[in-house]
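Participant: Numbering (my numbering), first residue to last: 3 to 174. Even for Gly, the Cβ is constructed at its ideal location relative to N, Cα and C. Can you keep this structure in mind? I'll have questions shortly.
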């Protein structure tokens with residue numbers, strides 16, 4: 003069993019590592035960051051749709067990341083990069099893509115429908131997308147959603163990928 007003090011320190015350094023990597027790799031379509039701690043070291047697996055951006059020329063960027071992660075965690079670091087084969091089926095990447103489209107003032111219905119169609123075309127059993135707020139700069143905030151296929155939210159054994167993302171639009 004792990005010592006509680008060590009657990010708190012690990013949790014804090016994990017949070018800092020995640021925060022650093024998320025900020026550093028904002029353009030690299032990072033889906034998730036998995037952190038493992040085998041015997042006084044740290045192994046970070048970055049799941050991304052664009053591994054080339056993370057790795058850099060001849061692995062330079064990943065080496066810089068490894069050094070910084072080792073400094074933050076205070077133990078030797080190993081960084082693995084896993085490619086997300088179908089980014090259109092990953093909830094985080096779909097949410098981020100809709101967010102970036104809304105920030106670029108693409109019509110929200112078009113962004114939603116495009117995300118749903120791409121996911122269904124690539125073999126999703128079902129998808130539900132919901133956007134809310136001052137849609138299209140309207141005075142009154144509202145919620146709109148679009149669903150296709152099966153989305154069994156009440157079925158506990160259903161494997162449902164879920165994510166939220168916040169768009170900072172120019173509408174104040």
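Excluding the five sequence neighbours on either side, which residues of its own chain have a C-beta within less than 6 Å of the C-beta of residue 30, listed in chain order?
Facilitator: As a working note, residue 30 is residue 28 in the chain shown. 50, 52, 55, 56.
Participant: On a CA-only basis, which of 138, 75, 80 is nearest residue 65? Give me that one, please.
Facilitator: Mapped onto the chain shown, residue 65 falls at position 63. Comparing Cα-Cα distances from residue 65 to each of 138, 75, 80, the minimum goes to 80.
Participant: If I'm right that residue 133 touches residue 114 with Cβ under 8 Å, what's the distance once you round it to whole angstroms?
Facilitator: Numbered from its first residue, the chain shown carries residue 133 at position 131. Numbered from its first residue, the chain shown carries residue 114 at position 112. Right, their Cβ atoms sit about 6 Å apart.
Participant: With burial defined as no fewer than 16 other Cβ atoms inside 10 Å of the residue's Cβ, what is the status of residue 124: buried or exposed?
Facilitator: Residue numbering aside, residue 124 sits at position 122 when the chain shown is read from its first letter. Looking at its Cβ environment, which holds fewer than 16 other Cβ atoms inside 10 Å, residue 124 is exposed.
Participant: Within this structure, are the beta carbons of residue 82 and residue 45 separated by less than 8 Å?
Facilitator: The sequence position of residue 82 within the chain shown is 80, counting from 1. The sequence position of residue 45 within the chain shown is 43, counting from 1. Cβ distance < 8 Å, so residue 82 and residue 45 count as in contact.
Participant: Just the Cα atoms here: how many angstroms apart are residue 34 and residue 139?
Facilitator: As a working note, residue 34 is residue 32 in the chain shown. As a working note, residue 139 is residue 137 in the chain shown. Those two C-alpha atoms are separated by around 31 Å.
Participant: For residue 86, which residues of its own chain have a beta-carbon under 8 Å away from its beta-carbon, when the five flanking residues on both sides are left out?
Facilitator: Taking the chain shown and counting its residues from 1, one reaches residue 86 at position 84. Once the five neighbours on either side are set aside, the close Cβ partners of residue 86 are 31, 33, 49, 50, 51, 92, 95.
Participant: Note the first and the last residue of the continuous beta strand (DSSP E) segment covering residue 35.
Facilitator: As a first step, residue 35 is located in the chain shown; it is residue number 33 there, counting from the start. Looking at the DSSP string, the run of the beta strand (DSSP E) that includes residue 35 is 32-38.
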